[in-house]
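Structure, as structure tokens:
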Amino acid sequence: EDMFNTGKAVLEIIEEKGLSQISDARELEDTVIEVLNSNVQAVADFKAGKEPALKFLIGQVT
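Residue numbers (the numbering used here): 110 to 171.
What follows is the structure in structure tokens.
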């Protein structure tokens with residue numbers, strides 16, 4: 110849709126929206142830690158057995 114509306118190339122849209130894949134393990138680890146620290150309630154919910162909290166946390170990383 111963005112390509113059609115803007116005429117921009119796929120890679121340009123990916124770059125602008127920050128949609129590139131993280132392949133560096135350290136960068137991914139830092140991102141996961143940041144998400145966990147920023148979503149304390151979701152972490153507590155997951156630890157209490159609430160499965161949807163895990164899906165939420167994964168969504169925050171991606």
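Cβ atoms here follow ideal geometry from the backbone N, Cα and C, with glycine treated the same way.
Check, Outcome
"Cut-off 7 Å between Cβ atoms - residues of its own chain near Val170, not counting five sequence neighbours on either side", "Thr140, Val141, Val144"
"Beta-carbon proximity check, Leu166 vs Ala153, cutoff 9 Å", "no"
"Presumed contact (8 Å Cβ cut-off) between Met112 and Ile122, rounded CB distance", "7 Å"
"Own chain, CB closer than 7 Å to Ala162, minus 5 neighbours either side, in chain order", "Ala151, Asp154, Phe155"
"Proximal residues to Ile131 (C-beta, below 7 Å), its chain only, five neighbours per side dropped", "Leu137, Thr140"
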